[in-house]
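Colleague: Shown below is the structure under consideration.
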Amino acid sequence: MKLALATTTPEVKTPIPVALLTGSFGERMQKAARLGYDGVELMVVRPDELRVDDIHTQVSKVGLEVAAIASGAIYMTDKVSLLASDPEVSRRAAIRLDALIDLAAALEAPIVTIGSFRGRLAWAGGTEARGKLVDILRMGAEKALRQGVRLVLEPVNRYEGDIVITAEEGLGLIEEVGHSHLGLLLDTYHANIEESSVTDPFRQAMAAGRLWHVHLGDSNRLPPGQGHIDFPGIVAALSESGYQGYLSAELLARPDPDAAAAATIQYMRQLVP
Ligand code: LER
Ligand code: MN
49 MKLALATTTP
59 EVKTPIPVAL
69 LTGSFGERMQ
79 KAARLGYDGV
89 ELMVVRPDEL
99 RVDDIHTQVS
109 KVGLEVAAIA
119 SGAIYMTDKV
129 SLLASDPEVS
139 RRAAIRLDAL
149 IDLAAALEAP
159 IVTIGSFRGR
169 LAWAGGTEAR
179 GKLVDILRMG
189 AEKALRQGVR
199 LVLEPVNRYE
209 GDIVITAEEG
219 LGLIEEVGHS
229 HLGLLLDTYH
239 ANIEESSVTD
249 PFRQAMAAGR
259 LWHVHLGDSN
269 RLPPGQGHID
279 FPGIVAALSE
289 SGYQGYLSAE
299 LLARPDPDAA
309 AAATIQYMRQ
319 LVP
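Start counting the sequence shown at 49; every next residue gets the next number (my numbering).
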């Protein structure tokens with residue numbers, strides 16, 4: 049298992065509450081490496097504004113990997129989502145997803161995340177919009193296959209979404225899509241709110257062969273160890289089921305983005321040597 053943290057790419061100017069580290073992009077890469085992280089999860093908003101070669105250089109010259117390309121900041125800043133009420137916005141979101149997949153391939157990132165960026169059924173016309181999401185995910189997974197990356201769907205709690213709240217629901221939708229390149233991302237913070245057990249979903253998703261990425265945040269969305277989630281139990285469940293992917297810190301940048309990054313790795317390195 050490897051450790052990463054979520055941070056924004058240079059074109060993102062608005063503060064993202066769950067993005068870690070301060071300074072220029074290059075400075076943040078140096079800080080992440082110095083703290084002992086293995087990788088970074090890049091929260092991208094406008095992929096067409098990025099200088100991909102510069103990013104690749106700044107990440108790799110400090111010995112980091114791009115653990116994932118995250119879509120979550122797109123909805124937060126631009127209000128663009130796959131299930132937007134306006135079909136034109138939804139179309140733009142699908143184009144943005146394509147661009148994130150291309151970016152992941154260019155940066156050798158294995159994963160593109162789809163959490164709150166999927167939008168809500170309620171916005172897109174109710175339960176019928178489920179089929180629309182299935183189609184978009186299937187097309188996205190097909191594009192990911194062509195580019196040698198994989199998509200992960202993230203259950204998000206009921207206050208932030210209305211489709212795929214639990215791991216079981218996520219696995220069901222993934223089965224419906226039926227594509228080799230669509231899997232699951234489990235976020236400990238969302239799992240703590242929605243699941244009956246905080247460890248079983250990790251085992252179930254691993255047993256299904258679909259757990260490809262994990263987000264870390266404690267019950268209060270602070271760094272692990274500062275709330276009441278059983279992180280030793282989760283890491284044990286992952287380790288016993290053979291998880292080799294990233295555990296990526298996506299949590300509130302409190303008391304500040306650097307302190308939260310430091311506290312997270314200090315706690316997690318005891319569990320993931
Ligand atoms: C949002 O709460 C979250 O967990 C993100 O990963 C979703 O895009
Ligand atoms: Mn998350």
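Note that the Cβ used here is the ideal one computed from N, Cα and C, for glycine as well. The structure displayed is predicted, hence computed values, not measured ones.
Tell me whether GLY293 counts as near the ligand MN, meaning its Cβ is closer than 7 angstroms to at least one heavy atom of that ligand.
Modeller: Translated into the one-based positions of the sequence shown, residue 293 becomes position 245. Every heavy atom of the ligand MN is 7 angstroms or more from the Cβ of GLY293, so no.
Colleague: For ILE162 versus VAL200, is the C-beta spacing smaller than 8 angstroms?
Modeller: Position 114 of the sequence shown, counting from 1, holds the residue named residue 162. Position 152 of the sequence shown, counting from 1, holds the residue named residue 200. Contact: yes.
Colleague: Taking the straight line between their C-alpha atoms, what separation do you get for ALA141 and GLY257?
Modeller: The count along the sequence shown starts at 1 and reaches residue 141 at position 93. The count along the sequence shown starts at 1 and reaches residue 257 at position 209. Going from the Cα of ALA141 to the Cα of GLY257 covers about 28 angstroms.
Colleague: I believe ALA189 touches VAL212 by the beta-carbon criterion, under 8 angstroms. Please report the beta-carbon distance rounded to the nearest angstrom.
Modeller: Working through the sequence shown from its first residue, we reach residue 189 at position 141. Working through the sequence shown from its first residue, we reach residue 212 at position 164. 15 angstroms between Cβ atoms; not a contact.
Colleague: Leaving out the 5 sequence neighbours to the left and right, which residues in its chain are closer than 7 angstroms to HIS238 when beta-carbon positions are compared?
Modeller: Within the sequence shown, the letter at position 190 stands for residue 238. Excluding positions up to five away in sequence, the list reads PRO203, VAL204, ASN205.
Colleague: Restricting to Cα atoms, I'd like to know which of GLY196, LEU155, PHE165 is closest to GLN106.
Modeller: The residue you call residue 106 lines up with position 58 of the sequence shown. Of GLY196, LEU155, PHE165, the residue nearest in Cα terms is LEU155.
Colleague: For SER164, is the beta carbon positioned less than 7 angstroms from some heavy atom of the ligand LER?
Modeller: Stepping through the sequence shown from its first residue, residue 164 is reached at position 116. Checking every heavy atom of the ligand LER against the Cβ of SER164, one is found closer than 7 angstroms.
Colleague: The ligand LER heavy atoms versus the CB of HIS238: any closer than 7 angstroms?
Modeller: As a position in the sequence shown, residue 238 is number 190, starting the count at 1. HIS238 Cβ: within cutoff of the ligand LER.
Colleague: For ASP146 and LEU219, what's the separation of their Cα atoms in angstroms?
Modeller: In the sequence shown, residue 146 corresponds to position 98, counting from 1. In the sequence shown, residue 219 corresponds to position 171, counting from 1. Straight-line Cα distance between these residues: approximately 23 angstroms.
Colleague: Kindly indicate which three-state DSSP category GLY273 falls into: helix, strand or coil?
Modeller: The count along the sequence shown starts at 1 and reaches residue 273 at position 225. Note: GLY273 maps to coil in three-state DSSP.
Colleague: Which residue comes first and which comes last in the beta strand (DSSP E) that contains HIS261?
Modeller: If you number the sequence shown from 1, residue 261 lands on position 213. Segment 259–264, the beta strand (DSSP E) holding HIS261.
Colleague: Have a look at GLY179 and SER133 and give me their C-alpha separation to the nearest angstrom.
Modeller: On the sequence shown, residue 179 is found 131 positions in, with the first residue counted as 1. On the sequence shown, residue 133 is found 85 positions in, with the first residue counted as 1. C-alpha separation (whole angstroms): 15 angstroms.
Colleague: Using 8 angstroms as the Cβ pair cut-off and three pairs as the minimum, do the segment 87–103 and the segment 56–63 touch?
Modeller: Counting Cβ pairs under 8 angstroms, three or more are found: they touch.
Colleague: Using 10 angstroms around the beta-carbon of GLY86, count the other beta-carbons present and answer buried if the total reaches 16, otherwise exposed.
Modeller: In the sequence shown, the residue the question calls residue 86 occupies position 38. Note on identity: in this sequence residue 86 is Asp, with Gly being the wrong assignment. The residue is buried, with at least 16 neighbouring Cβ atoms inside 10 Å.
Colleague: Please state whether the Cβ-Cβ distance between ALA253 and LEU83 is less than 8 angstroms.
Modeller: Indexing the sequence shown from 1 puts residue 253 at position 205. Indexing the sequence shown from 1 puts residue 83 at position 35. No, these two residues do not count as a Cβ contact at 8 angstroms.
Colleague: Going by C-alpha distance, which of PRO272, LEU319, VAL60, ARG76 is nearest ARG302?
Modeller: What you label residue 302 is simply residue 254 of the sequence shown in a count that begins at 1. Checking every option, the nearest Cα to that of ARG302 belongs to PRO272.
Colleague: Run the CB neighbour count on ILE331, radius 10 Å, all protein chains shown included, and call it buried at 16 or more, exposed below.
Modeller: This structure leaves residue 331 out entirely; the chain is present only between 49 and 321.
Colleague: Less than 8 angstroms between the beta carbons of LEU270 and LEU299, yes or no?
Modeller: By 1-based counting over the sequence shown, the position of residue 270 is 222. By 1-based counting over the sequence shown, the position of residue 299 is 251. Yes, they are a contact pair.
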